[in-house]
Amino acid sequence: MSKKAFDKIRIELLIQSVDQLNRILNINKKYKSYIENRIYTLTNFLYIKMQNKLLDKVQEENAANKMNKLFKGNQNDYYVSMKEEDSHQIEMNKIQRKKVFLSGSEDEEERLPTPIIKQEENKQIQVYQNTEKRSSDILDEVPTQENIDGLNGISQFELSPLNIQTGKKKSKTKKNKTKKKKVKHQALPFNWNTYKFLLHYPLQHLKLTILVNVLIVLSAVAQMLLPWILGRLIDAITKNVEQAHNQGTNDETNKDIQNNVIDEELHSTLSKQFLYVLAAYTILSLIRAFANQIWQEQIYNDMREDVLKSFLSFDLTFFHTYRNGEIISRMTNDLQSAKSAVSGNIILLIRNCCLTIFNIIILFALSWKVTLAILAPMPIYTVLATLHTKLAKKFEKLGQEYQAKLTTLADEIVSGVVTVKSFCTEQFEIKKFHKQLDLNIKLAQKRGVNNGCYQASTALFTQLGSLIVLWYGGKLAMNNSAELSAGDLTTIILYSLQLSSSSSDISESFAKIVSATGAFEGVLDMLKWESLVKEAPDAIEHITPTGEIQFKKVVFSYPNSQVQVLKGISLKITKGEYVAFVGPSGSGKSTIMHLLERFYDPQSGSIYFDDMNIKQFKLKALRKAIGLVSQDPVLFEGTIETNIIYGTENYTKDDFEWATKAAGVWQFVSDKFKFPHGFDTFVGEHGYTLSGGQKQRIVIARALLKRPKILIFDEATSALDAESEFQVQSAIDELIQKGSKNITVLVIAHRLSTIVNCNRIIVLQNGVVAEQGTHQELLNNPDGIYRQLVERQISGRIDSKDNDGDSEAQ
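Here UniProt numbering is used: the sequence shown runs in plain steps of one and ends on residue 810.
Okay, here's the thing in structure tokens:
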């Protein structure tokens, strides 16, 4: 083999390697940085090789044209020149203005990988070649972690030889990244804006909020009075005992004094005061707990209701963006944490703040020296509490994310339990679930270390405070100057214990509030969702459409997708017309139905009901005028009747009877042997007690009870067996024959035998109307798409009959 042929084969293999890496990257994003780096090294070597081998083989005129085709731009914008030396190093060529000419056969050009160049506004892209190693060595080199980290900030496929940045540029990027990390660490642990949003819930119940807070203050005052009274009682006892000993005689008089040294009246008064205050504290605490429980539940209910309202007001894109398990977890676990932030823990925080303030005031009144000694370690304790709070918020947010993933996994397993059992993947699902549980355990270990260190430090400072009081306070009490009495010392000890407890509880409550606020940030991110489908301020609330529909140059692509599902569709459907939409999967049939109900809005073009743009109507009014029967019937927990009247507020007994008979529900419910409770029969979760055909007919009855002007069947029989499909299709045909003048019926069908009686069949392909007409008109076109679909289905049924000995009933 010649060297030229060998080089050609090598270039071809390099191109295939790049294409293969591109496909891997599209499938698996896990090793994105590594794969992008490999693409870079391969394409870099490829361009160098092509340049060195093909540089002088074509004239300038042909090369310029091929550059335009390769780079899809002006060739004068790109300059590069490379030189490979014997020392196995590639240095940057000083001639930056020399043009690169590429040659080869026309087939070779089309196979060349086209580099994606990032164009910056008003800036000319500068070309660097920072290749200090031989390109053959680069091919075999696995990128280091440093290189991978450096590539993370670069757009996908931006790493072509024409986009390589110098080492200096990389250094600058790295510096910027370090700076960003520094800013991140400076972030405050408490998000006031989030908490301010939560605070409007307690303010909605202002009277109850005020009552709970007044009870908190009163119970705190009562609690503070107890040590004071106890100290005065001890002072009264010790004072009289001391007087008796000072008189120091052995006669009968002194014995009488010693036996009656305590002033019975003072003792009795202080004892009664202590009991009264204790009783008041107990009663206030009882009332506070009762009111607080009601208050918390009202706040929690308001939060759940508001979040559910917000979620239901979003368009379908929201529910396609977030998984079901994540949404459920946010509505339960996260809101439970948020409730404690604005009710339970805030109550404890207010109560402990009151206790702390009262404690410090009384301690200063008793002895400012002892108080300062007690407060001396507080700065250290505050630093530890702040660190604990910051870590607690971080762990709480991670915990809520892990919980959301666990809920999602559990939801997937339970929803797909039949598939799990069918494929015998129980152990696989258990391992997957256990893997997520391991993350929770590791997080719990970190939480345990954080909480353990904090609780240990709290206990240390509490005992240290007690030691300070006993040592320094006792020293002052035993001093001849009698700066402190025994009662004062007892009171100080009790208040110092209360101060230690309340201050540690303040930190703990604040940490929980911060953690709960962090958990609610996930919910808040969801609540910030902006729906693409919005009502006009002057939207019409009550509409009475006749059933005429018109699409005018409608272009639509789903959010986060560049693929146009509908490409300028225009069509008109008259009142009472029976129209079917057919076509391959992905041609836009169901999309048209979604646009009719304004689940989405088109990027351009308009949809009209009776010459009025559907954006002029309220969403509720628009959807009330449309009855939708989808492929998968959805039944809710309840009876057959509650599922039929679902969403219909005003209806008569005659309306109910007409809808159930027209849909074929009346007939099977009348069987008292199978349905002894008739329409009061419970359907179970998702209607598991009913057959597929029965569920579908209940859904049809639900749609008919609305008395819609437009009735949509979105592959309503595709998931049914032959018998159920025949029953449902018979109900649909009978309905159309009886009410065809009043209802416009739109049908999406894959089984073409179900639409032969339609007034018109519209065939969609690649987002456009390929052909339309009656069943017979479309069959008469030998090259038509519809005829091909029919022949394909007929051929499939014949094959099925030959192979299985059975034919699908039509």
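Built from N, CA and C at the ideal position, the CB exists for glycine as well.
query, result
"Whole alpha helix (DSSP H) elements within the segment 280-340, 4-residue minimum", "316-321 and 324-329"
"Three-pair Cβ contact test at 8 Å for the segment 779-788 versus the segment 592-601", "no"
"Within 9 Å, strictly: CB atoms of A701 and S630", "no"
"Alpha helix (DSSP H) runs contained entirely in the segment 588-643, provided each spans 4 or more residues", "589-596 and 619-624"
"C-alpha gap between I347 and A222, whole angstroms", "17 Å"
"R751 CB to nearest heavy atom of the ligand SAH below 8 Å", "The ligand content of the structure shown is nil, which means the ligand SAH is not present either."
"Contact under 9 Å by Cβ, T660 with F679", "yes"
"Beta-carbon proximity check, P708 vs G627, cutoff 9 Å", "yes"
"Span of the beta strand (DSSP E) around Q765", "R760 to Q765"
"Beta strand (DSSP E) segment containing E771, residue limits", "V768 to G773"
"Secondary structure of S219, DSSP reduced to three states", "helix"
"Beta carbon of I640 nearer than 9 Å to that of V665", "yes"
"Coil, strand or helix - S507 by DSSP", "helix"
"Continuous alpha helix (DSSP H) stretch holding S415: start and end", "M378 to S415"
"S795 classed as buried or exposed, judged by whether at least 16 other C-beta atoms fall within 10 angstroms", "exposed"
"Beta carbon of F314 nearer than 9 Å to that of S457", "no"
"For I700, the first and last residue of its enclosing alpha helix (DSSP H)", "G692 to L705"
"Buried versus exposed, by CB contacts within 10 Å (16 or more), D505", "buried"
"From D306, L226, N292 and Y276, residue whose alpha carbon lies closest to that of F197", "D306"
"Whether S507 touches Y381 by CB criterion (9 Å)", "yes"
"Same chain, Cβ closer than 8 Å to L470, five either side skipped, listed in chain order", "I493"
"Cα-Cα separation, T173 to L203", "Below a pLDDT of 50, predicted positions are generally treated as unreliable, and T173, at 39, falls in that range; no measurement from the model is reported."
"Burial state of T407, where buried means 16 or more other Cβ atoms lie within 10 Å", "buried"
"G465 and L489 closer than 9 Å at C-beta", "no"
"Every unbroken alpha helix (DSSP H) inside the segment 643-678 [4 residues or more]", "653-663 and 665-669"
"Extent of the continuous alpha helix (DSSP H) run through Q204", "W192 to Q204"
"Simplified DSSP state of Y472, which is helix, strand or coil", "helix"
"Sufficient close CB pairs (3 or more, under 8 Å) joining the segment 686-699 to the segment 725-738", "yes"
"Assigned secondary structure, D783 (DSSP; H/G/I helix, E/B strand, else coil)", "coil"
"Residues bridged to residue 813 (per DSSP)", "The displayed coordinates of the chain run from 1 to 810. Any statement about residue 813 would go beyond what the structure contains."
"Exposed unless 16 or more other CB atoms sit within 10 angstroms - verdict on N643", "buried"
"Boundaries (first-last residue) of the alpha helix (DSSP H) holding I374", "W368 to L375"
"Cβ-based burial, K175 [other Cβ within 10 Å; buried from 16]", "Only weak support is given to the placement of K175: the predicted model assigns it a pLDDT of 39, under 50, and the value that follows is read from those uncertain coordinates. Exposed."
"Distance CB(A621)-CB(E541) smaller than 9 Å", "yes"
"Exposure label - K442; buried when at least 16 CB within 10 Å", "exposed"
"Whole-angstrom C-beta distance between Y495 and L278, which should lie under 8 Å", "Not quite, the Cβ-Cβ distance comes to about 17 Å (not below 8 Å), so this is no contact."
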